[in-house]
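Heads up: the structure comes next, in structure tokens.
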Amino acid sequence: MLHSDERLADFEAERPRLLRLGYRMLGSLSEAEDILQEAWLRWAATVQSVDTPAAYLTRIVTRLCLDQLKSARVRRETYVGAWLPEPLMGTIEEEETIADDVTLTLMLAMERLSPLERAAFLLHDVFDMALTDVARTLGREPAAVRQLASRARRHVQHARPRFTVEATEADRIARAFFAAARDGDATALSAILARDVEIHSDGGGKVIAFRNVVRGIERALRLFAGLRRKYTSAPTLLRTATINGLPGYVSIDRGDVLQTTALDVRDGRIAAIYIVRNPDKLRHLAAAFGTDRHPQHGPEGRELVASRRHANGSYPHIDAAIRTFAYRP
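The sequence shown maps to residues 21 to 349 in our numbering.
Here it is in structure tokens:
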């Protein structure tokens, strides 16, 4: 049996890879971190000798994720409104890019897979595990795993990113959309939105969000015009960012709620808009304001946000939060 410090060293060496696997399996970084905590407890309590810690830990994490996915599917049947993955953020200016297997389109496509299909696809296609090792991890025959991965591949093949946006263009599009949406400017919005644009909004039933997907440019224009008329306060742009590989931004909306907005740009127009407002998925951003809850509600919240604004118009606390909590796949 290994000493506890050796166990810890082996676990820490695998932690980044295991966290990547957990996020891709669950779509939630916080849930992936919980899985790793449980995996560590099981690993530390293992009494037998383990020849390949990496394979053993992968098996533990995968099986814990499969159990979690089963209960997550039940919870999502009663989830209020659209469910979106917990956003992974980076600054647009950074040269590093988020791996294409955590883009929003692919993460959402994987939600349509069965837990076993998702695991087989990720372990074999993304993490390059041999088919026999995947079969051992999942407790299935190699032929069955090959079929699982093949079915998954067919379902997600069209969700791989087909369009890339340069950093300067990503920043321009994000700022242009924010300004047009803020002003309810139908002309400006019509110039940047695709005719069949979709708007997905995840509030988790905890803050106001669109319960149904808004489809089509006409409905989108009416929506933004209506928001402009309904609220007297204007939204606040905190900074532009990349969100799961897509251009976007972090803001405080007209209802004084923190949110992230990701823009799926195709052929120069915004084809889909993904808004995350669920506070449980934005805790690391709320922490930038020195609180574990939404700090922005009401006039006092607005004053707090204003107090964090730098003279040059930036929000260093938000920048620091994104850099500190940005997830490197």
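Glycine residues also receive a C-beta, built at the ideal position from the N, C-alpha and C atoms. Being a predicted model, the structure only gives us computed values, none of them experimental.
Beta-bridge partners assigned by DSSP to A292: E218 and D284.
For E106, the number of other beta carbons within 10 angstroms of its own is at least 16, and it is reported as buried. The stretch 160-174 and the stretch 234-254 do not touch, with fewer than three beta-carbon pairs separated by less than 8 Å.
Following the DSSP letters along the chain, one finds V270 inside the beta strand (DSSP E) bounded by residues L266 to I272. With a minimum length of 3 residues, the unbroken runs of beta strand (DSSP E) contained wholly in the stretch 198-258 fall at 213-222. Here the C-alpha atom of A201 lies approximately 7 Å from the C-alpha atom of L209.
If you look at R138, you'll find it in the alpha helix (DSSP H) that goes P135 to F141. Secondary structure note for L124: its alpha helix (DSSP H) is the uninterrupted segment L124 to M130. Separation of R93 and C85 (C-alpha to C-alpha, rounded to the nearest whole angstrom) is 12 Å. Sixteen is the threshold: when 16 or more other Cβ atoms of the shown chains lie within 10 Å of the Cβ of H144, as they do, the residue is buried.
Contact check for A140 and A179: beta-carbon distance about 17 Å, past the 8 Å limit, so the pair fails to qualify. Under the three-state reduction of DSSP output, L108 falls in the coil class, being neither helix nor strand.
Burial state of P36 is exposed, judged by a 10 Å Cβ sphere holding fewer than 16 other Cβ atoms. Bridge partners of A261 according to DSSP: G268. Contact annotation: G225 and V100 have beta-carbon atoms nearer than 8 Å.
Setting aside the 5 residues that flank it on each side, L136 is surrounded in the same chain by L168, each with a C-beta closer than 6 Å to its C-beta; the list follows chain order. Setting aside the 5 residues that flank it on each side, I228 is surrounded in the same chain by G275, each with a C-beta closer than 7 Å to its C-beta; the list follows chain order.
DSSP places W63 inside the alpha helix (DSSP H), whose first and last residues are L49 to A64. For T125, same chain residues with a beta-carbon under 6 Å away, outside a window of 5 residues either side, are A179 in chain order. Residue L213 holds the alpha-carbon nearest to the alpha-carbon of R235 among G246, V154 and L213. For L266, the closest of R79, E189 and D25 by C-alpha to C-alpha distance is E189.
Cβ neighbours of R132 within its own chain (closer than 7 Å, five residues either side excluded): H175. Between A282 and A129, the alpha-carbon positions lie close to 16 Å from each other. I80 is not a Cβ neighbour of A52, given a cutoff of 8 Å. Residue environment for S271: buried (at least 16 other C-beta atoms within 10 angstroms of its C-beta).
Contact between T280 and I263 holds: CB atoms are separated by about 5 Å, below the 8 Å threshold. Here R286 is exposed: its Cβ has fewer than 16 other Cβ atoms, across all protein chains shown, within 10 Å. Within the DSSP secondary-structure output, Q68 pairs in no beta bridge.
When DSSP reads this structure, L278 sits in a beta bridge with I272.
CA-to-CA, the gap between A75 and G110 works out to about 30 Å.
Annotation: Q177 is outside any alpha helix (DSSP H) and is labelled neither H nor E by DSSP.
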